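So the sequences go chain by chain: A and B. First residue of the first sequence: 1, per full-length UniProt numbering; consecutive thereafter. First residue of the second sequence: 1, per full-length UniProt numbering; consecutive thereafter. Cβ coordinates follow ideal geometry from the N, Cα and C atoms, glycine included. A quick note: this is a predicted structure, and the numbers were derived from the prediction, not measured.
2 protein chains.
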Amino acid sequence: MSEALAKPADARRERILRAAERSFIASGFHGARMAQIAKEAKMSPGHIYHYFESKEQIIAEMIRAHFDEKLETLERYRHAGDKLVDMMIENLSDSFATDTDPFWSTLMLEIAAEATRNDEIAASIRNMNADMRAKVLSYLRENVDVDDLEARLEVFVALIQGLGIRNIINPDIDKEAVVRIARDIVELLFRRPSKRNA
Amino acid sequence: MSEALAKPADARRERILRAAERSFIASGFHGARMAQIAKEAKMSPGHIYHYFESKEQIIAEMIRAHFDEKLETLERYRHAGDKLVDMMIENLSDSFATDTDPFWSTLMLEIAAEATRNDEIAASIRNMNADMRAKVLSYLRENVDVDDLEARLEVFVALIQGLGIRNIINPDIDKEAVVRIARDIVELLFRRPSKRNA
């Protein structure tokens, strides 16, 4: 993989992705045109189309890279054993900082919005999300003993993504207090004894 | 107010807003052009500009109407006394159904994304949000005795809005389980005794 990444073609793909990122920040997902991305990347539009057939394909690759990065971060949870919830709580502060990064929050918002209209984007984001959910669930199932684990994970992800929106709408949000409260919620979600009614 | 609303001009504004809503569902905030909205409303573009000077102004009025509707719903919490948290929990299921309505979820996502790029939209959404927060906080302060009330409210809103995103990305979400879990979170957020360290 690292050999493949060192190829000039991969370096050019990477350059296009970085240029696309800057264009999306400035003009948004709809506003940024391929011509603008080409200009940012200092390449001809024809050259860009040699690597990516559409803006949607660029976005799909950006999302895939973002998910891969997240999955890599999750690897260290794999053998956490009964320390998993402790680790989730410890890392909540970092996670909040990353997930509420305005660029990713914004891109994620636009992609979710676009998914309601574009079946291809919807399928792509749902597939990646399902892969990630399956992986996280497998780690959680080994270590956490609560009912409705899948629904709890959805609520946890909703909270992280919702905080990304709040951070945009209310930038004066008291982050320290929010992280403190979110920690209590992680405890509630994943540490409550299950099968109380069994 | 109802007299004013009955005026022909208000009926036409309303017709334009409904047409804009349909256009945004089909093409999104960026994709929908004034010409398309005019066609949907069966009016000339010039006629539309007589009522709204831009698409942004149409969106601002749609959001204002949405916030006003929410504020009206909140009125009944005003004199809830110690039943406030019970009411919030009882109504969570309805709230989940409303806030995760794909149209509002999608529009909210695009508006939040646009707020990162457009200062006018950012100011408009932040002002409306601040009005709503102040009102909700005043009701909560009368009835709920917890620390970090403002941060708790942000976490609650984050959860509701985040569930709207999850509903788009994972439509198979187990809504009943999610509502059950969210109820426990509302209990945690607003019913925990405060000043435990005082």
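Terminal residues of the continuous alpha helix (DSSP H) containing residue i?
i: Phe67/A; result: Lys55 to Glu75
i: Arg78/A; result: Element bounds for Arg78/A: n/a, residue is neither H nor E.
i: Ile169/B; result: Leu149 to Ile169
i: Ala26/A; result: Pro8 to Gly31
i: Ile173/B; result: Where Ile173/B is concerned, there is no enclosing alpha helix (DSSP H), given that its DSSP letter is neither H nor E.
i: residue 199/A; result: Because chain A here runs from 1 to 198, residue 199/A falls outside it and cannot be looked at.
i: residue 199/A; result: Because chain A in this structure spans residues 1 to 198, residue 199/A falls outside the shown range and cannot be described.
i: Met43/B; result: No alpha helix (DSSP H) holds Met43/B; DSSP gives it neither H nor E.
Got a sec? Which residues, its chain only, sit under 7 angstroms from residue i by beta carbon, not counting five neighbours each side?
i: Leu189/B; result: Arg152, Val155 and Phe156
i: Ile25/A; result: Phe103
i: Leu159/B; result: Ala182 and Ile185
i: Ala4/A; result: Residue placement at Ala4/A is poorly supported in this model, since its pLDDT is 49, which falls under 50; the coordinates are not used for a value here.
i: Pro77/B; result: Rather than Pro, the amino acid found at residue 77/B in this sequence is Tyr. If we look at Tyr77/B and ignore the five residues flanking it on each side, its Cβ neighbours are Leu84, Met87 and Tyr139.
i: Ser44/B; result: Ala38
i: Asp82/B; result: Asn143
i: His66/A; result: Trp104
i: Ala19/A; result: Ile37, Glu40 and Ala41
Quick one: what's got a C-beta closer than 8 angstroms to residue i's C-beta in the same chain, skipping five residues either side?
i: Lys70/A; result: Met132
i: Ile48/A; result: Ile16, Met34, Ile37, Ala38 and Ala41
i: Arg64/B; result: Met128
i: Ile111/B; result: Phe29, Ile59, Ile63, Ile121 and Ile125
i: Glu187/B; result: Val85 and Ile89
Starting from the C-beta of residue i, find all residues in its chain whose C-beta is less than 6 angstroms away, skip the five residues before and the five after it, and write them out in chain order.
i: Arg13/B; result: Tyr51
i: Ser23/A; result: Ala32, Gln36, Ile37 and Glu40
i: Glu114/A; result: Ile121
Can you find at least 3 beta carbon pairs, one from the region 75 to 93 of chain A and one from the region 75 to 89 of chain B, that sit closer than 8 angstroms? These segments do not touch.
Mind the definition here: the region 106 to 122 of chain A touches the region 174 to 191 of chain A only if three or more C-beta pairs lie below 8 angstroms; say whether that holds. The region 106 to 122 of chain A is not in contact with the region 174 to 191 of chain A.
Under 8 angstroms: do the region 134 to 152 of chain A and the region 52 to 71 of chain B share three or more Cβ pairs, one atom per stretch? By the Cβ criterion, the region 134 to 152 of chain A is not in contact with the region 52 to 71 of chain B, since fewer than three pairs of Cβ atoms, one from each stretch, lie closer than 8 angstroms.
Chain A contacts from the region 150 to 163 of chain B (Cβ-Cβ distance under 8 angstroms): Taking 8 angstroms as the Cβ-Cβ cut-off, the region 150 to 163 of chain B approaches chain A at Glu150, Ala151, Arg152, Glu154, Val155, Val157, Ala158, Leu159, Ile160, Gln161, Gly162 and Leu163, given in chain order.
Would you list, in chain order, the members of the region 173 to 185 of chain B that have their beta-carbon closer than 8 angstroms to a beta-carbon of chain A? Under the 8 angstroms Cβ criterion, the region 173 to 185 of chain B contributes Ile173, Asp174, Ala177, Val178, Arg180, Ile181, Ala182, Asp184 and Ile185.
Going along the region 43 to 58 of chain B in order, which residues come within less than 9 angstroms of chain A, judged by CB to CB distance? Across the region 43 to 58 of chain B, no CB contact with chain A closer than 9 angstroms is found for any residue.
Against chain B, which members of the region 120 to 132 of chain A pass a CB distance test of less than 9 angstroms? Of all residues in the region 120 to 132 of chain A, Ala122, Ile125, Arg126, Asn129 and Ala130 have a Cβ within less than 9 angstroms of some Cβ in chain B.
Residues of the region 56 to 79 of chain A with Cβ closer than 7 angstroms to any Cβ of chain B, in chain order: Here the close residues number zero.
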